[in-house]
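Below is one structure, written out as structure tokens; comments come after it.
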Amino acid sequence: MYVCSCFGVTEQQVKQHADAGACTPRQIASACKAGTDCGGCVRRIQALLGRGDCPRRELLDQKQESVAGSLGAAAVVTASPDVRLSDVA
281 MYVCSCFGVT EQQVKQHADA GACTPRQIAS ACKAGTDCGG CVRRIQALLG RGDCPRRELL
341 DQKQESVAGS LGAAAVVTAS PDVRLSDVA
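Convert by adding 280 to the 1-based position in the sequence shown; the result is the number in my numbering.
Shown next, in the form of structure tokens:
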């Protein structure tokens with residue numbers, strides 16, 4: 281079934297791009313142009329992507345956890361802008 285009639289993109293193609301790592305409608309658009317003309321298919325693309333596992337999202341979450349863990353007190357300062365460095369040290 282066609283998702284994007286402007287560019288002839290099918291559900292299968294969207295799913296293939298998602299399996300290859302495209303996690304957002306913008307990333308799907310970069311891969312196959314779906315959603316870049318009239319925009320009528322963007323909600324359908326969002327529905328196909330759902331909230332399932334996303335390799336890029338998982339890598340981003342791991343990277344954020346790693347950075348937060350290595351920053352220690354600095355992460356607290358970043359998360360709480362009202363805290364002064366002298367309060368943390």
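Glycine included, C-beta positions come from ideal geometry on N, C-alpha and C. Being a predicted model, the structure only gives us computed values, none of them experimental.
Apart from the five residues just before and just after residue i, which ones in its own chain have a Cβ nearer than 8 Å to its Cβ?
i              : result
valine 289     : Tyr282, Val283, Cys312, Lys313, Ala314 and Cys321
isoleucine 308 : Val294, His297, Ala298, Ala302, Ala314, Gly315, Ile325 and Leu329
In its own chain, which residues sit with a C-beta less than 7 Å from the C-beta of residue i, not counting the 5 before and 5 after it?
i           : result
leucine 293 : In the sequence as presented, leucine is not what sits at residue 293; that position holds glutamine. Cys312, listed in sequence order.
Counting only the same chain and skipping the five closest in sequence on each side, list residues whose C-beta sits under 6 Å from that of residue i.
i             : result
aspartate 397 : For residue 397 there is no data in the structure shown, the boundaries of the chain being 281 and 369.
Quick check: the Cα distance between residue i and residue j, rounded to an integer number of angstroms?
i           : j             : result
serine 310  : aspartate 299 : 15 Å
glycine 301 : glutamine 326 : 14 Å
proline 305 : glutamine 296 : 13 Å
alanine 355 : glycine 319   : Residue confidence for alanine 355 is low, a pLDDT of 49 falling below 50, so the modelled location carries little weight; the figure read from the coordinates is stated next. So the two alpha carbons sit approximately 39 Å from each other.
Give a yes or no on whether the C-beta atoms belonging to residue i and residue j are separated by under 8 Å.
i             : j           : result
glutamate 291 : leucine 328 : yes
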